[in-house]
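Only one structure is covered here, and it is reproduced in the block below.
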Amino acid sequence: MRMKAVSSLVPGELLAQPVFGKSGQILLQKHVELTSSYIRKLENYGHTYVFIEDPRTEDIEVSDALSQELQAEVLNKIERTFKKIQKSFEDPTYTRDIRLGDTFQELFGLLFDHVLKNQVVLTHLTSLYTSDNFLYSHCMNVSLYAGAIAVGNGYSESRVKELGVGAMLHDIGKLAIDKSILDKPGRLTDEERTLVEQHCQIGYDLLIQQPSIHSLSAHCALQHHERMNGKGYPRRLKGMEIHEFGRIMAVADVYDALTSNRVYRKAFLPHEAVEMLYAGSGVDFDPEFIRLFVKHVNVYPPGVPVVLNGIFEGVVVRNNPQNLLRPVVRILRESGRDVEPYDIDLSVCLHMVISNVIQSTVS
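With positions in the sequence shown counted from 1, the corresponding number in our numbering is that position plus 10.
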């Protein structure tokens with residue numbers, strides 16, 4: 011099987027995995043033959059990619075550690091809880107008791123048991139959601155990336171979960187900020203930027219009052235925009251003044267933000283985002299946590315369609331454990347023409363680079 015962008019699906023292709031809707035219901039079963047109406051349905055539901063059957067890639071094993079069903083369950087609960095919080099910000103008379111600790115300990119526990127125990131986290135996790143649902147998917151992804159760094163750093167399970175819960179809630183303060191400002195396509199005014207920067211303190215103030223939220227989890231909200239050179243916010247902390255959780259959060263948060271489509275820009279490719287992290291090593295980000303991120307987060311999981319050097323189109327077959335950025339790729343097309351499939355190991359063929367991902371037109 012292999013992953014293919016919904017935008018490039020053609021009628022007659024067969025689904026290799028079931029497709030789930032936002033609430034976890036099955037939209038299309040495995041082995042279903044796609045029709046034009048089914049493809050439109052996938053687009054309308056906001057899916058960005060699906061897995062299809064392909065005899066040329068039938069030997070590729072695609073991890074389902076975080077199934078679409080589990081994604082839907084976690085994201086649906088995040089959305090429902092966040093909407094209650096947002097309502098409490100908008101309406102001071104809304105006093106419904108919301109116990110964030112219990113809900114998010116349960117949610118991160120699911121992610122820990124199904125994903126983080128495997129030592130390596132896969133990217134391209136949220137195929138279900140468009141940019142309208144960015145906040146929910148971003149919080150889930152960041153918790154997984156931060157958790158992977160924490161596991162790689164030797165944290166105990168309880169400490170990983172403290173970080174993970176905080177990571178899932180790190181942007182909760184944005185619920186108090188006008189969405190039109192958060193999604194503004196143009197440059198923010200000084201006043202708007204000041205408002206946006208308040209989300210860290212707002213989130214911390216909310217979380218620190220929750221009896222079942224650890225104070226270090228609350229610091230994920232407070233410090234995820236602090237930077238090693240002291241030019242972050244809200245407290246302009248420097249270097250080791252930033253708690254380890256804050257330094258881990260900075261790497262996880264920025265990577266997911268860069269690789270996500272937003273209303274004001276297209277997503278960067280995974281390797282481009284990693285290069286940006288490296289460019290900020292020691293200046294914005296802690297170098298050790300960048301190293302652990304690259305070691306434990308698989309940015310090119312098997313089944314992902316890629317383009318090499320702008321010419322060779324193929325699918326990731328397997329990863330090189332020593333360098334997840336240089337996988338083995340099965341070439342299916344060259345210069346727009348089908349070829350007899352063959353594999354290229356990017357850890358050996360250093361002149362070959364991944365120049366595109368997901369939007370491949372591999373047929």
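Beta carbons: idealized from backbone N, C-alpha and C, even for Gly. This one's a predicted model, so the numbers in the text were calculated from it and none came from an experiment.
One thing to note: R246 has its Cβ no nearer than 8 Å to the Cβ of A260. Looking at the backbone, the Cα of D101 and that of K93 are separated by about 12 Å.
For Q39, the number of other beta carbons within 10 angstroms of its own is below 16, and it is reported as exposed.
Within a 10 Å sphere around the beta-carbon of K14 sit 16 or more other beta-carbons, which makes this residue buried. Short of 8 Å from the beta carbon of G256, and not among the five residues preceding or following it, lie these beta carbons of its own chain, in chain order: H229, C230, L232, Q233, H234, E236 and L247. Taking 8 Å as the cut-off, the beta carbon of L287 is found no closer than this to the beta carbon of V309. A residue is called buried once 16 or more other Cβ atoms fall within 10 Å of its Cβ, and E254 is buried on that count.
Put simply, of Y59, P65, E23 and G292 the residue whose alpha carbon is nearest the alpha carbon of S46 is E23.
The beta carbons of H281 and I159 sit no closer together than 8 Å. Pairing E207 with P244, the inter-Cα distance amounts to about 7 Å. Y352 is bridged by DSSP to I341. Linking H57 to D294 through their CA atoms gives a straight-line distance of about 33 Å. Measuring C-alpha to C-alpha distances from V20 to each of K87, L37, E63 and D215 identifies E63 as the nearest. DSSP places P195 outside both helix and strand once states are collapsed to three, so it counts as coil. When only Cα atoms are considered, A289 and S270 end up about 19 Å apart. The Cβ atoms of L342 and V349 lie closer than 8 Å to each other.
Within the same chain, no Cβ atom closer than 7 Å to the Cβ of K241 is found once the five residues on either side in sequence are excluded. Relative to F118, the option among A156, L185 and T103 whose CA is nearest is A156.
Along the region 244-314, the alpha helix (DSSP H) occurs as fully enclosed runs of 4 or more residues at 254-268, 280-289 and 297-306, listed in sequence order.
Comparing alpha-carbon positions, the option among F299, N239, F30 and Y352 lying closest to L80 turns out to be F30. Following the DSSP letters along the chain, one finds R50 inside the alpha helix (DSSP H) bounded by residues S46 to N54.
With a 10 Å radius around the Cβ and a threshold of 16 neighbouring Cβ atoms, H41 comes out exposed.
D193 sits exposed, since fewer than 16 C-beta atoms from the chains shown fall within 10 Å of its C-beta. For G174, the uninterrupted alpha helix (DSSP H) segment begins and ends at E167 to M178. Under the DSSP definition of a beta bridge, R237 lacks any partner.
Under the criterion of beta carbons closer than 8 Å, L185 and I95 qualify as touching, at roughly 5 Å. Between L110 and I223, the gap from beta carbon to beta carbon is short of 8 Å. V175 is positioned such that its CB atom lies closer than 8 Å to that of F114.
In the DSSP assignment, A15 is bridged to Y59. Comparing alpha-carbon positions, the option among Y165, G162, L120 and S166 lying closest to M150 turns out to be L120. With 16 or more other CB atoms across the displayed protein chains lying within 10 angstroms of its CB, P337 is buried.
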